[in-house]
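Residue numbers (our numbering), protein chains in the order written: chain R, 1 to 220; chain C, 1001 to 1219.
Here a beta-carbon is modelled for each residue, glycine too, at the ideal position from N, C-alpha and C.
So this is what it looks like as structure tokens:
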């Protein structure tokens, strides 16, 4: 059997529509992860020992268990507690929680790089906890970690096909349906691969450009 | 039925998960070395081929690769069993990331070491295997450990191409018992425990290598 260009051409518009769902889930998931990751980091840095301990263990647990199982957990468990969410909302939530654990580590590195004198100065100025973070630490810690966040954005984009397992009509799920309808998986699945490759190579180039702009040296 | 009674039935899938993890790791390590070294070759063509492999498998999604190998390849006349497809794809995918780890570690070896080896009249092969690799290997362990955990987590994907791994068992058990919270909770805990065991094992290996090679200062 050969690659049929006409069939590939016919399924392409459908796949491009589905790509919008993939991108949408990635962007929302990343926004959630960025905020939640910061919450973990601040909790781990805080002076309340039990909270710091719990936050550290949550991050460690989420980081070392598979996203797919977390996805199933949210999708099947939440309704039992009367929390009915759409598959897409569940997917975004799972992506956000999973990647918040990675971003928490990224933030930690950025915060460690803020000179100790800045903390002392904030203290000397009698800034409260919230102002210290909002006005002094975050503005200095965030720019250097933006490229690393960009890499995780690409990684999250590549994880969105998992959402097909909970029936979200994203790129992969649409390709599977198209494949089942015509009994041909070769063309739709190859197109999905090509689309992913094109978008991740494009975004990786953007991240590298951003790195140069920010004058960040790529860590080994 | 208490939740603990689910454990044996779940663990029956652990063998498949571990086989995929270690099989995938073996494939990935081999490919990582080949592609990582090829990426630094003096031959332009070798460099480009390694680059194509690395970018293709890093740039597309692991699940898409899995589907492609399992559902699309048979249409081109190549039939792989789910297990072979799983090990191959996980190995190819993680190997592409590993190639960058190998390259980074080899490049991080001090330049004076190359020069000293050249001054001692070592051949290119001797230089690589006697001087560079041992020093690079120890630097490679922490990032390689992270990749092993990524690999373990990625094995859950094979449940979607009908392999009866830990996650697949969990899905079966859930549909049989409808005890969703317990089943998926246990599943997460089992993955966590296996990941922690791997982390501990790697840390011990790291310390042993550092001690054996008197490389405490760089490890």
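Burial is judged here by how many other beta carbons sit within 10 angstroms of a residue's own beta carbon; residue 208 of chain R has fewer than 16 and is exposed. Contact annotation: residue 97 of chain R and residue 70 of chain R have beta-carbon atoms nearer than 8 Å. Contact annotation: in the segment 33-55 of chain R, no residue has its CB less than 9 Å from a CB in chain C. Chain order gives no chain R residues near residue 1033 of chain C, where near means a beta carbon separation below 9 Å; the closest approach is about 17 Å. Identification of chain R residues near residue 1184 of chain C by a Cβ-Cβ cut-off of 7 Å yields 69, 72, 73, 76 and 77, ordered along the chain. The shortest C-alpha to C-alpha distance from residue 212 of chain R to any of R:147, R:199 and R:155 is the one to R:147. The closest CA to that of residue 1037 of chain C, considering only C:1058, C:1081 and C:1129, is found on C:1129.
At a cut-off of 8 Å between beta carbons, residue 1132 of chain C makes no contact with chain R. Secondary structure of residue 85 of chain R (DSSP, three-state): coil.
Counting only Cβ-Cβ distances below 7 Å, residue 1156 of chain C has contacts in chain R at 66, 68 and 69, in chain order. Within the same chain, 1145 come within 6 Å of residue 1202 of chain C by CB-CB distance, once the 5 residues on both sides are set aside. Annotation note: the segment 125-190 of chain R contains the following uninterrupted alpha helix (DSSP H) runs of length 4 or greater, listed N- to C-terminal: 138-159 and 171-182. For residue 29 of chain R against residue 156 of chain R, the beta-carbon gap comes to about 6 Å, under 8 Å, which counts as contact.
By the neighbour-count definition (other C-beta atoms within 10 Å, threshold 16), residue 2 of chain R is an exposed residue. Under the three-state reduction of DSSP output, residue 1077 of chain C falls in the coil class, being neither helix nor strand. When 8 Å is used as the limit between beta carbons, residue 162 of chain R is near these residues of chain C: 1063 and 1157, in chain order. Residue environment analysis places residue 42 of chain R among the buried positions, since at least 16 neighbouring C-beta atoms fall within 10 angstroms of its C-beta.
Separation of residue 1108 of chain C and residue 132 of chain R (C-alpha to C-alpha, rounded to the nearest whole angstrom) is 38 Å. Here residue 5 of chain R is exposed, its C-beta having fewer than 16 other C-beta atoms within 10 Å. Close CB contacts of residue 1007 of chain C within its chain, under the 7 Å cut and outside five residues either way in sequence, are with 1186 (chain order). Legend: CB atoms of the segment 88-108 of chain R lying less than 9 Å from CB atoms of chain C are not found in any residue. For residue 1093 of chain C, the secondary structure class from DSSP, reduced to helix, strand or coil, is helix. Contacts with chain C (Cβ-Cβ distance below 7 Å) from the segment 185-204 of chain R involve 185, 186, 189, 190, 192, 193, 196, 197, 200 and 201, listed in chain order. Judged by DSSP secondary structure, residue 1116 of chain C falls within the alpha helix (DSSP H) whose first and last residues are 1111-1119. The DSSP-derived three-state label of residue 6 of chain R is helix. Counting along the chain, the unbroken alpha helix (DSSP H) around residue 73 of chain R starts and ends at 67-77. Under the DSSP assignment, residue 57 of chain R falls in the alpha helix (DSSP H) whose first and last residues are 49-63. Bounds of any alpha helix (DSSP H) do not take in residue 1069 of chain C, whose DSSP letter is neither H nor E.
The continuous alpha helix (DSSP H) containing residue 1196 of chain C extends over residues 1180-1212. Residue 1082 of chain C is positioned such that its CB atom lies closer than 8 Å to that of residue 1161 of chain C. Note on the segment 13-49 of chain R: there is no whole beta strand (DSSP E) run with a minimum of 3 residues. The three-state reading of DSSP puts residue 1039 of chain C in coil, since its state is none of H, G, I, E or B. The Cβ neighbour count for residue 159 of chain R, taken over all protein chains shown within 10 Å, is at least 16; the residue is labelled buried. Following the DSSP letters along the chain, one finds residue 1013 of chain C in no alpha helix (DSSP H), marked with neither H nor E. Here the alpha carbons of residue 143 of chain R and residue 214 of chain R stand approximately 7 Å from one another.
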